Amino acid sequence: GESVGLHLPTLSVQEGDNSIINCAYSNSASDYFIWYKQESGKGPQFIIDIRSNMDKRQGQRVTVLLNKTVKHLSLQIAATQPGDSAVYFCAESGGSYIPTFGRGTSLIVHP
Amino acid sequence: DTAVSQTPKYLVTQMGNDKSIKCEQNLGHDTMYWYKQDSKKFLKIMFSYNNKELIINETVPNRFSPKSPDKAHLNLHINSLELGDSAVYFCASSQAGDSTYEKLFFGSGTQLSVL
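Sequence order for the protein chains is A and B. Residue numbers are given in this note's numbering: position 92 of the first sequence equals residue 85, and the series is strictly consecutive. Counting from 1 along the second sequence, just add 67 to a position and that's the residue number in this note's numbering.
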């Protein structure tokens, strides 16, 4: 069936490094993608989104890249900080407007 | 002010009991959702509800039922609780729910433990 998944369940980086979190999706009808950040004990929070008519979108320290050819999405975090430690989810909306979430990647930032 | 609030934060109960989790949003959104997050952090949609329709994930047991007294509230009722129901339940809302481009706003979760 259709699924949204992540390549790496855990990513460890040093403070100040750049982080890249990847996501593969299989629903070719998806045309809206969102990254969420979930800190311990909290609900997921919106970080950045991208529509399928774009291949790159930048926010503050974060960039989302979309490669529709290989159905791949990535979240890049520049100059990673300890406060970036969290679980990151990609989500897609396609034929249904209800976002479907991937499995999540735990980002651990070492000081 | 908390945009999406759910209570209780923690819920510990015995198998077979009936329990409810409440959710309220003060964002003026039209659509509310319930998600279940398992121990591996996987987030699974359970329900989506606006004033037009209820969309139910067909894999959700009918022991689970959403109740919406008004568009700012979507409560989750669970009958005959089972061990496998233990999880974190998240309420969320979005502005319209009739567009593909919906950002979700989540509550802080209710950790349900069934003993």
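Even glycine gets a Cβ: it sits at the ideal position worked out from N, Cα and C. Remember, it's a predicted structure, so these values are computed and weren't measured experimentally.
Considering just the uninterrupted stretch of the beta strand (DSSP E) at B/Leu150, what are its terminal residues? Note, B/Leu150: premise wrong, no beta strand (DSSP E); not H, not E.
As a quick exercise: from B/Ala159, B/Leu148, B/Lys138 and B/Pro136, pick the residue whose alpha carbon is nearest that of B/Pro128. Check the Cα spacing between B/Pro128 and each of B/Ala159, B/Leu148, B/Lys138 and B/Pro136: the tightest is with B/Leu148.
Using the Cβ count rule (16 or more neighbours within 10 Å means buried), how would you classify B/Val181? By the neighbour-count criterion, in which 16 or more other beta carbons inside 10 Å mark a residue as buried, B/Val181 falls on the buried side.
DSSP puts A/Arg50 in a beta bridge; with which residues? Bridge pairing for A/Arg50: A/Val57 [DSSP].
Cβ pair count under 8 Å reaching 3, the segment 138 to 147 of chain B against the segment 77 to 96 of chain B: Judged by Cβ distances under 8 Å, the segment 138 to 147 of chain B makes contact with the segment 77 to 96 of chain B, as three or more pairs qualify.
Determine, using beta carbons only, whether B/Ser88 comes closer than 8 Å to chain A. The sequence given here places Ile at residue 88 of chain B; Ser does not occur at that position. Between B/Ile88 and chain A, the shortest Cβ-Cβ separation is not below 8 Å.
With DSSP run on the structure shown, which of helix, strand or coil describes A/Asp42? Correct three-state label for A/Asp42: strand.
Helix, strand or coil: how does DSSP classify B/Pro133 here? It is a strand residue.
Taking the C-alpha atoms as reference points, what is the distance between A/Gln69 and A/Ile13? Each residue's alpha carbon lies about 5 Å from the other.
Let me check understanding here. Comparing Cα to Cα, which of A/Arg50, A/Asn11, A/Ser78 and A/Asn20 lies closest to A/Val102? Of the candidates A/Arg50, A/Asn11, A/Ser78 and A/Asn20, the one whose C-alpha sits nearest the C-alpha of A/Val102 is A/Ser78.
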